[in-house]
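Written below as structure tokens is the structure these notes are about.
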Amino acid sequence: MNLYKRLIFALLFASNGWAQNASPLNFLILKPGDPGATTELASEYLTTITNYFTTHTPYLRGKSLRGWIANHPDSALAIIKQHPAVMAYVPAGFYFKHLLHSGPAVAPVAQAPRFGKHVERYYIVAAKSGPSSLKELKGKIIRTSFGIDWDYLRKVVFPAAFQPGAQFKLQESQNLADDLFLLIEGAERKPAAPAALLLDEELKHFFEVDDLVWPQLKITWTSTDLPRDLFVVIGDDWSASHQRDLLESLQQMSRDPKGKELLELMQSSGFTPVDFELLNRTKEKYFSTPKAAR
29 MNLYKRLIFA LLFASNGWAQ NASPLNFLIL KPGDPGATTE LASEYLTTIT NYFTTHTPYL
89 RGKSLRGWIA NHPDSALAII KQHPAVMAYV PAGFYFKHLL HSGPAVAPVA QAPRFGKHVE
149 RYYIVAAKSG PSSLKELKGK IIRTSFGIDW DYLRKVVFPA AFQPGAQFKL QESQNLADDL
209 FLLIEGAERK PAAPAALLLD EELKHFFEVD DLVWPQLKIT WTSTDLPRDL FVVIGDDWSA
269 SHQRDLLESL QQMSRDPKGK ELLELMQSSG FTPVDFELLN RTKEKYFSTP KAAR
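Under my numbering, residues 29 to 322 are what the sequence shown spells out, in order.
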């Protein structure tokens, strides 16, 4: 090979290697029902958190990492299809349904307590004068946030004797705050109004801190303990040591000024190891319950 050909070959090889290194890895966050959880609206937060990972996690150090966020499972799936993720922070139901058996290796690494709660729960909330039991809610309308995982609700959240579509009508709310005020004003006088709302831990906290609204409501039903959102890694490149390093960097966020700011935005005290006992118990229930049509 003459000198000219060697130079051309070297340039092509270097160019190809640079293109591969320049191609960013992807990190996905899914927050169902949150209107602000779009990549455009949360771009500053995504830049900050991906910069944190690329400077504090050995496997990601020096790499280009791009963040994405979605507020509906369909949007999250569209993002993953176009931009395969190496990490994701998602609800347990999304992990079971779309990641666990999707093909690439997936491993839960951490979870984050929020609002002082180490587990997730769902609550049915009604007006003080409204239904006081699941029996009183049969045949009634219950509304919840958009982007909710219907399979997860049926298989894991609701008891077998109280299922959406069978014992009650479950609807996605266009505006939960408006529906909440309908409850307070007297839903029984408005046929199309809900009899109650289904809230997760975050939504319950949002309304609970309102001293004018919350005293006019009551919790009619509370679910069993459920796994919190999971921080998972995706792909065979995540060795056991890389996963340990990532968990360590997540746990150290509460001791880092920038990491602490990110946790405060999440309203979390910090990441913890996965509660695999609860996760496996929930997974067994999810996969042993037949899928019901919506």
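Think of the CB as a built atom: it goes at the ideal place given N, C-alpha and C, for glycine as much as any other residue.
{"Item": "Straight-line Cα distance separating V153 from S251", "Value": "12 Å"}
{"Item": "Three-pair Cβ contact test at 8 Å for the region 167–179 versus the region 187–203", "Value": "yes"}
{"Item": "Assigned secondary structure, F55 (DSSP; H/G/I helix, E/B strand, else coil)", "Value": "strand"}
{"Item": "Cutoff 6 Å; reference T317; Cβ partners in own chain excluding five residues on either side", "Value": "K183"}
{"Item": "DSSP-derived helix/strand/coil call for F196", "Value": "strand"}
{"Item": "Three-state secondary structure assigned by DSSP to P86", "Value": "helix"}
{"Item": "Length of the line joining the Cα atoms of F315 and A205", "Value": "34 Å"}
{"Item": "Buried versus exposed, by CB contacts within 10 Å (16 or more), R89", "Value": "exposed"}
{"Item": "Alpha-carbon spacing of Q279 relative to D238, whole angstroms", "Value": "31 Å"}
{"Item": "C-beta contact flag for K168 and A223 at 8 Å", "Value": "yes"}
{"Item": "Distance between H84 and G61 (C-alpha atoms, nearest Å)", "Value": "30 Å"}
{"Item": "Proximity below 8 Å, CB of T248 to CB of S161", "Value": "yes"}
{"Item": "The region 72–83 touching the region 272–286, judged by at least three CB pairs closer than 8 Å", "Value": "yes"}
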